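Under the UniProt record's numbering, the first residue of the sequence shown is numbered 1, with each subsequent residue one higher. C-beta atoms are modelled at their ideal positions from N, C-alpha and C, and glycine is treated no differently. In this text, all values refer to a predicted model and were calculated from it rather than measured experimentally. Report on the following structure.
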Amino acid sequence: MEDSTEKLPQPKEPTYQHPVKLDEALLMTRFGLYNVCLIVISGTILAGVFLETVGISYVLPVAECDLLLTTKEKGVLSAISFAGIISSSHLWGFLADTQGRRTVIVPTLFLAFTSSVLSSFTTSFWIITVARFLTGFFISGSSATIYAYLGEFHAKRNSSRAIMGASFVYGVGCILLPLIAWLVINQEWEYTIPLLNIVYKPWRLFLVVCSLSSLVCALALLYFPESPKFLFSHGHEQETIAIIHHMHRWNTRGKASKLMLNSLLQETEAEQTKQRREEAANAKSPFKLLKQMWHQTAPLFMGSYLKRTVIICVLQFGIYLTSNGMYMFFPDILNRIAELEDAGVERITVCRAVYATRVDISQVAQQGNATAVQDASGAVCHQKLDISAYEHTIVLETIYAVGFAVIGLIVNAVGRLPILLFVFGVCGLSGILIVYIDLPLLAIWFYLILLTCGLCAGVVNACTVDLFPTNLRAMAVCISLMFGRLGSVVGANFVGVLLDSYCELTFWISGVLLIVCVVLSFFIPNIYSRKVPEGRISVSSR
1 MEDSTEKLPQ PKEPTYQHPV KLDEALLMTR FGLYNVCLIV ISGTILAGVF
51 LETVGISYVL PVAECDLLLT TKEKGVLSAI SFAGIISSSH LWGFLADTQG
101 RRTVIVPTLF LAFTSSVLSS FTTSFWIITV ARFLTGFFIS GSSATIYAYL
151 GEFHAKRNSS RAIMGASFVY GVGCILLPLI AWLVINQEWE YTIPLLNIVY
201 KPWRLFLVVC SLSSLVCALA LLYFPESPKF LFSHGHEQET IAIIHHMHRW
251 NTRGKASKLM LNSLLQETEA EQTKQRREEA ANAKSPFKLL KQMWHQTAPL
301 FMGSYLKRTV IICVLQFGIY LTSNGMYMFF PDILNRIAEL EDAGVERITV
351 CRAVYATRVD ISQVAQQGNA TAVQDASGAV CHQKLDISAY EHTIVLETIY
401 AVGFAVIGLI VNAVGRLPIL LFVFGVCGLS GILIVYIDLP LLAIWFYLIL
451 LTCGLCAGVV NACTVDLFPT NLRAMAVCIS LMFGRLGSVV GANFVGVLLD
501 SYCELTFWIS GVLLIVCVVL SFFIPNIYSR KVPEGRISVS SR
């Protein structure tokens with residue numbers, strides 16, 4: 001498919017001395033190295049969020065005996081990072097809309113890295129739970145805001161493609177998760193730290209490695225400016241023009257004539273967001289700050305925006321409940337199936353395998369030994385994951401990477417609705433069929449398909465960016481992803497509660513919920529249009 005940016009007129013000596021719209025000015029910068037760098041950084045940040053929040057799923061099976069974790073506690077620990085994200089996403093959304101996207105992203109990445117490193121030195125369930133909560137609290141600042149930041153460096157016609165490009169980088173980055181886990185966790189060394197009274201094992205180092213992408217991206221963003229659309233909507237016209245000239249020089253590598261761009265056409269959103277920024281800056285007390293946050297959020301649940309907000313939030317809830325909540329126990333379940341296959345079992349359903357390999361953690365505690373302890377039922381606490389757990393998760397992340405690439409290529413041609421219907425429908429049916437399949441390998445593949453519903457997250461985020469104006473966009477994405485993270489929390493906890501006793505119900509819930517998402521997809525505004533709407537609806541927070 002041809003790149004739409006190649007069809008733009010490229011005069012040898014542009015003389016755009018008359019005011020133009022910001023969207024037109026962004027098209028003049030062309031698509032080049034600057035955009036690619038932003039897409040790679042944004043995708044790496046998204047992958048870093050995945051590593052920080054989902055990487056714990058590889059730790060739980062091997063840290064089970066070190067931290068004396070029950071299945072319910074595994075569910076809590078799986079969900080706690082998402083709970084941290086939920087508790088702070090509203091705050092970060094407000095600050096991103098009033099203080100700046102980059103102003104939020106960079107500091108929170110540094111803080112997330114710090115809290116993640118500290119979590120690797122914890123010694124009990126409650127301490128690591130608090131540390132992982134703080135990691136989620138800070139990583140939330142970049143997890144949603146980065147979509148608005150990236151999209152606002154691009155014109156409307158290219159923003160969806162840029163976001164899907166970042167999603168592709170995210171998918172490629174996620175492939176590294178099982179590879180890193182395999183290289184780090186399955187090592188046999190351990191180091192005693194008497195001062196902290198802990199034995200530092202590979203799973204602890206793995207937590208640190210997962211946080212490195214946050215540090216790298218924070219350092220990289222120090223060399224990039226604030227979003228041009230944010231600056232312009234807040235009255236900083238000359239700074240916006242300077243960024244456009246800088247982007248043009250990067251993308252043309254200084255070979256094209258300089259843009260003669262001196263002014264931009266003011267848009268209706270500028271005055272509203274300028275007033276909101278001034279009010280937020282003058283908010284000295286916590287009460288006034290909360291009041292401003294309410295004024296920033298309330299429009300999303302009023303008038304024509306109410307329907308949009310509700311639909312987007314429910315879709316994100318369903319996506320994350322399955323793709324994250326069910327994923328958190330994926331390596332553990334694969335490890336259990338592999339254990340039975342090694343024992344000679346050839347035909348067994350996933351749920352029967354779960355029931356047969358339950359570990360009595362109370363007996364492990366009585367043993368006082370965290371090294372491959374076997375309980376009365378024959379289940380074993382392992383210090384390593386079976387190789388098949390890594391192999392299948394690599395396959396899953398590869399499917400994500402390829403899926404994001406394909407969606408990025410076809411989204412403008414086929415539209416967003418067919419993509420949502422296909423992915424939601426196939427994944428929902430797979431979740432239901434898992435319950436009845438007694439061939440372990442086939443059941444695992446259906447499990448993989450169920451988890452690929454996360455491919456819809458990028459499409460729904462692209463819809464969100466287009467459905468809301470600049471002054472509400474970051475808050476809208478943050479609120480929708482807050483509901484998505486809530487789905488992750490609910491998913492991980494209900495799996496932790498139900499898995500050992502009501503495994504079949506666990507898969508039925510996720511499958512039916514995705515079928516509901518199929519129906520809701522028809523009601524997304526403008527979902528039948530293959531082109532991004534030209535107009536933006538502005539609304540006052542009053």
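With the rule of 3 Cβ pairs closer than 8 Å, the region 176-196 does not count as touching the region 252-261. Non-local C-beta neighbours of E73 in its own chain, meaning closer than 6 Å and more than five positions away in sequence, comprise F125, ordered along the chain. Taking A405 as reference, the option from T108, G100 and A162 with the minimal CA-CA separation is A162. Cβ neighbours of F110 within its own chain (closer than 8 Å, five residues either side excluded): S214, L215 and A218. Residue burial is scored here from C-beta neighbours: D23 has at least 16 other C-beta atoms within 10 angstroms and is therefore classed as buried.
A direct Cα-Cα distance of roughly 8 Å separates I198 from Y191. Only residues of its own chain outside the window of five on either side were considered, and among them none has a CB closer than 7 Å to the CB of V130.
Straight-line measurement puts the Cα of L498 at about 36 Å from the Cα of F94. Taking the C-beta atoms as reference points, L448 is found no nearer than 7 Å to L481. The alpha-carbon of V518 is positioned some 20 Å away from that of R485. Residue pairing by DSSP places T192 opposite V199 in a beta bridge.
Taking 7 Å as the cut-off, the beta carbon of N324 is found no closer than this to the beta carbon of L385. By the Cβ criterion, the region 43-51 is not in contact with the region 467-482, since fewer than three pairs of Cβ atoms, one from each stretch, lie closer than 8 Å. Non-local C-beta neighbours of E226 in its own chain, meaning closer than 6 Å and more than five positions away in sequence, comprise G100 and R102, ordered along the chain. Nearest C-alpha to F113 among G415, A96, F138 and S89: F138. Looking at the backbone, the Cα of L77 and that of V117 are separated by about 16 Å. Residues L334, I444 and L448 of the same chain have their beta carbon placed closer than 7 Å to that of H392, with the five preceding and five following residues left out of the count.
Comparing C-alpha distances from V512 to each of C456, T322, A462 and F329 shows the shortest one belongs to T322.
Residue environment analysis places Q238 among the exposed positions, since fewer than 16 neighbouring C-beta atoms fall within 10 angstroms of its C-beta.
Closest in alpha carbon position to M164, among V516, G491, L455 and I243, is L455.
Looking at Y400, S115, Y305 and C453, the one whose alpha-carbon comes closest to that of L421 is C453. Going by beta carbons, M328 and T29 fall outside the 7 Å limit.
Under the Cβ criterion (8 Å, minimum of three pairs), the region 336-345 does not count as touching the region 495-509. For the options F330, D97 and Q266, the alpha carbon positioned closest to that of H295 is the one of D97. Rounded to whole angstroms, the separation of the alpha carbons of Q187 and L205 is 11 Å. With a 10 Å radius around the Cβ and a threshold of 16 neighbouring Cβ atoms, H154 comes out buried.
In this structure, the beta-carbon distance from Y170 to G43 falls below 7 Å. Under the three-state reduction of DSSP, V435 is assigned to helix. Taking V516 as the centre and dropping the five residues before and after it, the same chain places no C-beta closer than 6 Å to its C-beta. Here S88 is not near S142, since their CB atoms are 7 Å or more apart. Secondary structure of V345 (DSSP, three-state): coil. About 16 Å separates the beta carbon of Y320 from that of G496, a gap too long to meet the 8 Å contact definition. L264 sits in a strand when the DSSP states are folded into three classes.
Leaving aside the five residues that flank S430 on each side, the residues in its chain whose CB is nearer than 6 Å to its CB run, in chain order, F446, I449 and L450. Distance from L264 to A25 at the Cβ level is roughly 6 Å; contact confirmed, criterion being Cβ atoms closer than 8 Å.
In the DSSP assignment, I80 falls within the alpha helix (DSSP H) that extends over T71 to T98.
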